[in-house]
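Throughout the sequence shown, residue numbering follows full-length UniProt numbering, covering 1 to 1103 in sequence.
For each residue, glycine too, the CB sits at the ideal point set by N, CA and C.
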Amino acid sequence: MICAKVNGTEVCLPKGSTVMDAAESLGIYIPKLCAHPDIPPQGKCRLCVVKTAGNNYTLACSTKLVNNMEITTNTPDVKKKALDALSQFNDMSLMPLTPEIEEIYKYLTNKKPTRGRKAEKTHALSFDPSLCVNCGRCVRACSDIQCIGALDEESHSLNDNDCIQCGMCTTVCPTDALIHNSSVPQLIKAISSGKTMILQISPFVKINSDTHSKYLTNQVSVEKIIGAARIMGFRYVFDQKFGTDVSIIEDATELMQRLEKREKLPMITSSCPSWVNFIEKIFPDLTENLSTTMSPHIITGSLIKNCFSNLKNIDPMKVFVVSLLPCTAAKDEIKRESLNGMVDAVITANEFLELMNTFDIKFDDVMDSKFDNILADNSATPLDSKICQNITEPTLCYLHQKYNNEELNNFNFEHLHDFKMIRTSSVTIGNRTVRAAVCNSIADARDFIESGKFHEYDYIEVLACPGGCFYGGGQPKMSRKTAEIQETNALIEKELPYQFPQKHMDDIKLIYNKLFSASVGDSNNNLLHTTFSKKDTPFLEMKRNITSLPIVAFGSSSGTASRLARIFASYFNTLPVQLNMVTMQTLQKSSQIIIFCSTFGDGEFPNNAQKFVEMLSDSNEDLSHLSYGICALGSKDYQKYCFCGHQLDKLFVQHKSKRLIEMVELDSSSPDHGECLFELWAAKCGTMLGFKMPDLAISTNYTVKVSKNPDDIIHKEKEQPLGYEYGILVTSQVITPEGFEPKMHKYQIKLPPGVIYQTGDLVGILPENDEDAVKAVLDELKLDPDDIITVESSMPEGYNIIPPRVTMKQLFSQYLDLNGIPSRNLLRAFRQFCDDQFAVERLDRLLNPSDSRLFDEFVKDISISEFILEYSRHCKPPLDILMSCIPHIWPRLYCIASAPTNSSVIDLIISDRIFGDGNSRNGLCTSYLKRIPEMSKIALKTQHGIFYYPKNVDTPIIMVAIGCGIAPMMSMLQHRQALIYEDKLNIGSASLFFGCRNKGTYPYLDDVLNNFVENKCLQNLFVAYSREGTTNPYVTSALMDRMDEVWESWKDPNCVIMYCGPPIGVPDQIKTIMVRISMKKGEMSREEAEKFCALHPHLFESF
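What follows is the structure in C-alpha cells.
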C-alpha cells in the first residue's frame, strides 16, 4: 500500500493508484474534463492540476502516488492554474451547461452568493437563492407594478406574507431563480399509470413553435396544440370556454339574487385566483363580497369528474384532469381544501413544451385536431362564443337578454378617471341600472378599494396580471410586455359587443339539462360554487394592524433611510413601506405619516419614492387632516443637501397638511453621521404620536460560534467577502513630485477572471485595517486571532459581506472598521456591559442626546481602535455585539482611469486622504493601498457609475476635471484611442479642461495628456493652475475664456459634458457658464438657452 496526504488527510491505496484516485477516495473534488475512470488518462485539458511538496505542479489524472507524498488541491494558486487551463482548453464562447460543466465552474470561480431570502417553495412558485444575481427585478415587479411588496421582506416566507402567487416575478427573472413549479413529473407518472388523461385548454394560452424556447417567438394554432396533446396520451381535450360560459351564467344568476336582496354588494368576481388570494390576505373584510362561483377551469374539472365521466361510464377515480393555463396562481388554487381533486394538475405553456420535448414531439409532425364535445355525443361542440378579455361584458349581456328579452347592441366601457386600468359601464336590466367595473391591474384595484369608490358599483371584476390573462405569470416570457398590452387594449377597444345568440343559449340550456338535469342558472351548488375565507398568519396580522397606526414610509437609495425607518417603526411595532406603496387613498384615510427620504445625485429622489412624488405633484387633493414628519438625509459635502426632504415638505404644505414636527436634516458627513439628531428627533416624534419610546438597548445582527482548528484550510485560504472577488495589485507608483502633499498615486490592479467593466465604470476597493491596530485590539479584548468563527447574519440581503467562516484576525482585519470614528451604538454597547461607575458616568455624558457637543468633541480625534483600547479595560462586550456595533468596512469607490481594451489590468489614480487635527490621520483605503506590497490580493467589485462614452462615436464631448477627477476622463481618452486604432471614422471632438494647483504638480499626467493631443485623441487641452497667481486660475474661468472652442462642440445638442471634482460650487457654476455661452454664441434668450442646455447629457460626479 502507498500512503500519502491529500489536503492534510492521510490516505493509503494500492500501488499504481493516481493522485486522482486518492482524492476521490477521500471525497475531495478535483475538476476534470478529459479524464474518465474507464479510459486511460491523457492530460489534455490540464484542469486536474494539483500541487505537491516543493511547490511542484502536476496533473492528478496521470501522476502516480508515492509514499509520503503531500498533495494540495484547493489553494488559490492551484485553482488559478486550473481556471487558466480551462480558458485555454475551451474554444467555445459559451460551454454547454451540463451538470459536470456547472460543477467545474462552481468550484473554480468559488462564488458563494448569499441571499436574505432563503430557498422556499409554495404551491405555485419556487425560489432558488443560488441562482439569484440580486438584480432586483422581481422586487420591483412585485412592489412597483403589482403594488404588493411581498419580496421586500426577506425574513418572511412567501407562504406567510402577502404574496398572491401571480407569478409576475417569474416573468422578469433573468436567471430562473424564481420559477413556477413544474407539474411535468406528475403528468408523466399519471400517463404511465394508465389513467384517463383529460386536458382543458384556456383560450388565452400562447405556445411557441420553438419547443426549446422559454420566450414567446411564433405562436402555433390551437389545432396543433390539441393534436400534440393527443400524441402525449390525452384521451379527451376540451375548450375551457365551456367552463367560462357556465361561470357567466352562474355569476349572472348570483348577481341578480344579491341585487334583489341588496346584500353582499358589490359582488366581486372570483374567477382570478390571484385576486382571490389578494382579497383573503389584504382585504379580508371583503371576502363575503366574492362571488361563490368557481373559476372556469375548476368548473370544467368539476363537471368532467362528476358529470362527463358518468356519461362515458368512466370511474372518476381513474380520471386525471389537467388545465393548460396562462396562470401560475391556479397551481395554488387547486390545492384549496374546498376545491381539492376537481383539477389534478395545472400546466403552463412552457410545461407543455417540456412535455413535447420529453415525448420527442415536433409541431411540424403533428396533425391538426379539434376539441372534443363535453356533452359526450356526436353533436357539434356548443362552444363557438368569442374570446372575451373579461367576463363582465358577457355576464351583463346575458342578463340583459334574459330579463329584457333583447340582445344588447350598445355596450360601451369608459375609462375611470384617475385609474389607468379600470373601465366602467352600466346596463339597464329590468327596472334597475347595474353599474360594473373591470380592472386589469391589481395595483389599480387596490387604489380603487382604498378610495372607497368601489361602493358605487354593483359588479366588479379584477384580473391580477397587468393586461389580463393574455399576459399571465405562466405565459412564455416577452421582451417588452408593456408594448404588447397596449396593442391588445387597442384591439379590445375596437371589438363589437359580446352577444349571446339564440343558438348559443340553446346550447347552454342543453348543457344544463344533460349534465345537471336542471334549468339554466339552477344547477347543483356543490358542483359549481365554493366558499372563501380570511387568510391569517402573524405577519399578515401585523400588516393589517398598520392601518390603525401612523404610516412610516421611506425613499432610500443606499439603504440608510430604510434602515432608520425600520428602527423608528419598530418603536411602536409596525412596519415601514416604500413611499411608492403609499397611495392618495392611503393618505386620505390616514391621519399621520412619517417619512425618511434621502437625496442622491443632482437633487434626485430615490427610485422607490419617485412615483409618490409624481402623485403628490399632480394631485389637488385637500390633505388638511394629515399630519406629517420628515427625516431628510443628505451630505453637506453636496450642493443640494437634503433637497428631496425640502421638496416633500413643500408638497405637503401645498396640500394643506400640518407639520407634526419640524423636519430634521441628518448629515452623513458629520462625525456621528446624524445619529444623535435622529435619536433626539425620533424620541420627540414618538411623543408627538403618543408612543412611549423604548430604551435603546443594543441588539445583535449576528449569531456566532467560535471554535479552534489549527489545521483548518481557512488559515491559509480565507473566504472571499460576500459579493467581492480578489484582484492583484500589479504596480504602485507615486506620480507627484517629492515633497508634494497630498501625494497622488497610480495603481494598476489585475481583475479576477470573469470580472468585466465598461468605460467610465467604478471599482469598489474593500480595504483592510493596519495589522498593528488589529493585533493591539485583539490583545486588549483577549481574543485569539486564530479562533475560527462561524457566522450567521439576520441582516437583509446586501447589508452583510462577512462570509460564513472567518478567523478572528480576518474578521478584525477585513470587516470591522478600526480606523473610523466610534459610533453612538458602539459607545452604547460598552455602556450596556460596563460595571465601572466612572466609565458609566462618562459614557452617559457622551451619549446624552440633548447635548451632542461633548460627543462631537470626543470623536473628533479618536479612532475606533483607540476607543476600544481605552474602554475595554472597563468592559468587553460579547463578540456578536461588537460585530453589530463596530461600523463595518465599506468599499471605497474609485473611477477607473483606463478603458477595457484587451488587458484585464485597470488603472486607478488616487490622492492620499488626510484628515483630523493637524492632518494627522490617514484614510483607511489610501493608507492600505500604500502599505501593501505588489502582487497582494485586493477584495474588489466593479459597478456602473455616472460616466459612459456616447453610443454615437461622432458625438462631441467636453470634459472638466479637478485633481484626481481626471481618472474617468483618462478612461474616456483611452476609449477614444482604441476607436482610432480601429479606424473608426468621424469621431467627435474632445475638449478637456483640467484644474490643478501648480505647474509640474502632475508631471506624469502632463506627459500622458500631451500624448493624447499628439495622437489626435484630444482636440483641445486647457489646464488651469489655481496657485500660480494667474488672472483666471480656475477651470470655470478657462471655460469662459475658451468660449469659441466650447461653443463649437456645444452647439451640437447631442454634445455630452462631463465633470469630476469637488461637489460644492463648481457643478452649478459650470451649468451657469454653459447657459451664458449659449446665450452669447447662440444668440438665445435666457429661457431658450436654459432649454437648449437641458437637451445635453450632463454627466457629473463629485468626490
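DSSP places residue 422 outside any alpha helix (DSSP H); the residue lies instead in the beta strand (DSSP E), whose first and last residues are 422-429. Taking the CA atoms as reference points, residue 140 sits about 26 Å from residue 763. Nearest in C-alpha terms to residue 226, of all of 299, 369, 136, is 369. The region 289-299 makes contact with the region 265-273: 3 or more CB pairs, one atom from each, lie closer than 8 Å. Each of 449, 391, 400 was checked against the Cα of residue 434, and the nearest Cα belongs to 400.
The straight-line gap separating the alpha-carbon atoms of residue 559 and residue 14 is approximately 59 Å. Pairing residue 777 with residue 750 gives a Cβ-Cβ distance that is not under 8 Å.
When secondary structure is reduced to three states using DSSP, residue 1065 falls in the coil class, being assigned neither helix nor strand. If you draw a 10 Å sphere on the C-beta of residue 119, you find fewer than 16 other C-beta atoms in it, and that means exposed. Note that the region 632-645 touches the region 591-601; at least 3 beta-carbon pairs, one per stretch, sit closer than 8 Å. Relative to the Cα of residue 36, the nearest Cα in the group 20, 432, 25, 28 belongs to 20. Considering only 305, 820, 436, the residue with the shortest C-alpha distance to residue 428 is 436. As the crow flies, the alpha-carbon of residue 608 is around 23 Å from that of residue 673.
By the Cβ neighbour-count rule, residue 87 is exposed, with fewer than 16 other Cβ atoms within 10 Å of its own. Fewer than three pairs of CB atoms, one per stretch, sit closer than 8 Å, so the region 982-991 makes no contact with the region 1079-1091. In the three-state reduction of the DSSP assignment, residue 573 falls in the coil class. DSSP, read as helix, strand or coil, puts residue 688 in helix. The beta carbon of residue 367 lies closer than 8 Å to those of 227 in the same chain, with the five residues before and after it left out.
For the 8 Å CB-CB criterion, residue 638 and residue 593 do not form a contact. Between residue 72 and residue 50 a beta carbon distance of about 7 Å is seen, short of the 8 Å cut, so the two are scored as contacting. The C-alpha of residue 430 is placed about 6 Å away from the C-alpha of residue 404.
In this structure, residue 1048 lies away from residue 732, with their beta-carbon atoms at least 8 Å apart.
Judged by beta-carbon spacing, residue 746 lies within the 8 Å limit of residue 735, meaning their Cβ atoms are closer than that value. Here residue 107 has 29, 31 as same chain residues with Cβ atoms under 7 Å from its own Cβ, once five neighbours each way along the sequence are excluded. In the three-state reduction of the DSSP assignment, residue 754 falls in the coil class.
Apart from sequence neighbours up to five positions away, the residues of its chain that approach residue 794 with a beta-carbon distance below 7 Å are 701, ordered along the chain.
C-alpha of residue 828 to C-alpha of residue 134: approximately 34 Å in a straight line. The C-beta separation of residue 1024 from residue 967 comes to about 18 Å, leaving the pair out of contact by the 8 Å criterion. In this structure, the alpha-carbon of residue 335 lies about 28 Å from that of residue 222. Nearest C-alpha to residue 866 among 854, 886, 184: 886. Here residue 50 is bridged, per DSSP, to 58. Counted as a single uninterrupted DSSP element, the beta strand (DSSP E) harbouring residue 462 occupies residues 459-462. Residue state for residue 659 is assigned as strand, using DSSP reduced to three classes. Here the region 656-668 does not lie against the region 834-853, with fewer than 3 beta-carbon pairs under 8 Å apart. Selection 1046, 853, 169, 996 evaluated against residue 142 yields 169 as nearest (Cα-Cα). Of all C-beta pairs linking the region 572-585 to the region 610-628, three or more are shorter than 8 Å, placing the two stretches in contact.
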